[in-house]
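*Asks:* Heads up: take any position in the sequence shown, counting from 1, add 1, and you land on the numbering used here. Quick one: the structure is below, and I'll ask about it shortly.
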Amino acid sequence: MFIYPAIDLFEKKAVRLYKGDYAQMTVYSENPIEIAYDFAAQGATHLHLVDLEGAKSGETPNLSVVKNIVEDTDLFTEVGGGIRSMAVIDAYLSSGVDRVILGTAAVTDEAFLREAVKTYGEHIAVGADFKDGYAAIKGWTEKSALTVDAFVSKMQDIGVKTMICTDISRDGAMIGTNRDLYRHLSETYTIDFIASGGVSTIDDVRALSEMRLHGAIIGKAYYTGAINLKEAIEVTK
């Protein structure tokens, strides 16, 4: 299992939200690339980036930061946040990003998702944000009509190879990850799943690794010191 330490971007700063609430934002660094350097120094090989402004606007206001990180590190980099057009996908992939994550668009615009997967294949992932058993959209502010299983089944049928799955109720809350959800997904589908939301202890990391998930995203737990990144990487080997 790969560990994906996370950097959430807002106004070119590294920040974290509590349960997806933009009103509850903590700024961790004015210079996100220094955090990426630290990840690499601790043994990380993968990186998860989210443009929180893009999640609302559909634009790429932090593209320059993403590009700098890609150019100055050897990390496998995936990025999400408001990617709702082929032009934005092109912009990110042209900057050197390895994989882009479609969130809201994967729920609301199936034709776009199909075009993206057909054109870019494994360079496209879907970010499945779940709230109360349903897929959530628009930066977690709305629930869709699709249940978890209905959504994941559709993604597999379309040909999506990788999904980042977040239980919003646990994201940033430091109450542990939803192991039952990830166990169910890993046993039921052939997609590569990356667990996100509530990965807050080494025991969480160990449990997810034993499920043979593709990856786990570590966010707040790294920034608060609850998880030692180097130890988490070792646990997955």
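Here a beta-carbon is modelled for each residue, glycine too, at the ideal position from N, C-alpha and C.
Going by the CB atoms, is the gap between Met87 and Ala117 shorter than 8 Å?
*Replies:* In the sequence shown, residue 117 corresponds to position 116, counting from 1. In the sequence shown, residue 87 corresponds to position 86, counting from 1. Yes, they are a contact pair.
*Asks:* Evaluate Ser1 with the Cβ neighbour count: other Cβ atoms within 10 Å of its Cβ, from every protein chain shown; 16 or more gives buried, anything less gives exposed.
*Replies:* No statement about residue 1 is possible, as the shown extent of the chain runs from 2 to 238 and does not include it.
*Asks:* Grab the span of the beta strand (DSSP E) containing Gly216 for me, first residue to last.
*Replies:* Residue numbering aside, residue 216 sits at position 215 when the sequence shown is read from its first letter. Unbroken beta strand (DSSP E) run through Gly216: 216-219.
*Asks:* By the DSSP assignment, the alpha helix (DSSP H) with Gln43 in it spans what residues?
*Replies:* Here residue 43 refers to the residue found at position 42 of the sequence shown. That residue, Gln43, is in no alpha helix (DSSP H); it is neither H nor E in DSSP.
*Asks:* Please list the terminal residues of the continuous alpha helix (DSSP H) segment that includes Thr109.
*Replies:* One-based indexing of the sequence shown puts residue 109 at position 108. Looking at the DSSP string, the run of the alpha helix (DSSP H) that includes Thr109 is 105-109.
*Asks:* Buried or exposed: where does Ala112 fall if 16 or more other Cβ atoms within 10 Å of its Cβ makes it buried?
*Replies:* Taking the sequence shown and counting its residues from 1, the one referred to as residue 112 is at position 111. With fewer than 16 Cβ atoms within 10 Å of its Cβ, Ala112 is classed as exposed.
*Asks:* Taking Lys13 as the reference, give the member of Asp22, Gln25, Tyr29 with the closest Cα.
*Replies:* The residue labelled residue 13 in the question sits at position 12 within the sequence shown. Looking at the Cα atoms, Tyr29 is the closest of the given residues.
*Asks:* Relative to the alpha-carbon of Val108, which residue among Ile159, Phe3, Tyr5 has its alpha-carbon at the smallest distance?
*Replies:* Taking the first residue of the sequence shown as 1, we reach residue 108 at position 107. That would be Ile159, whose Cα lies nearest to the Cα of Val108.
*Asks:* Any idea what DSSP makes of Ser197, helix, strand or coil?
*Replies:* Within the sequence shown, residue 197 is the residue found at index 196, counting from 1. Correct three-state label for Ser197: strand.
*Asks:* One question on the structure: do Gly81 and Val101 come within less than 8 Å of each other, judged by their Cβ atoms?
*Replies:* As a first step, residue 81 must be located in the sequence shown, where it is residue number 80. As a first step, residue 101 must be located in the sequence shown, where it is residue number 100. Cβ distance < 8 Å, so Gly81 and Val101 count as in contact.
*Asks:* Using a Cβ distance threshold of 8 Å, determine whether the segment 161-168 contacts the segment 116-131, with at least three qualifying pairs required.
*Replies:* With the cut-off at 8 Å, the segment 161-168 and the segment 116-131 touch.
*Asks:* Using the beta-carbon count (16 or more within 10 Å), is Arg115 buried or exposed?
*Replies:* For the purposes of this step, residue 115 is identified with residue 114 of the sequence shown, where counting begins at 1. Looking at its Cβ environment, which holds fewer than 16 other Cβ atoms inside 10 Å, Arg115 is exposed.
*Asks:* In angstroms, rounded to a whole number, what distance separates the CA positions of Lys213 and Ser187?
*Replies:* By 1-based counting over the sequence shown, the position of residue 213 is 212. By 1-based counting over the sequence shown, the position of residue 187 is 186. A small correction: the amino acid at residue 213 is Arg; Lys does not occupy that position in the sequence shown. Those two C-alpha atoms are separated by around 8 Å.
*Asks:* What are the boundary residues of the alpha helix (DSSP H) that includes Val127?
*Replies:* Reading the sequence shown from its first residue, position 126 is the one you call residue 127. Not the alpha helix (DSSP H): Val127 falls in the beta strand (DSSP E), residues 125-132.
*Asks:* Which of the three DSSP states, helix, strand or coil, is assigned to Gly55?
*Replies:* Residue 55 sits at position 54 when you count from the first residue of the sequence shown. Gly55: helix per DSSP, three-state reduction.
*Asks:* Quick one: what's Lys14 bridged to in DSSP?
*Replies:* Translated into positions along the sequence shown, residue 14 becomes position 13. The partner list for Lys14 (beta bridge, DSSP) reads Phe11.
*Asks:* Nearest-angstrom Cα distance between Lys256 and Thr148?
*Replies:* Residue 256 is absent from the model: the chain starts at 2 and stops at 238.
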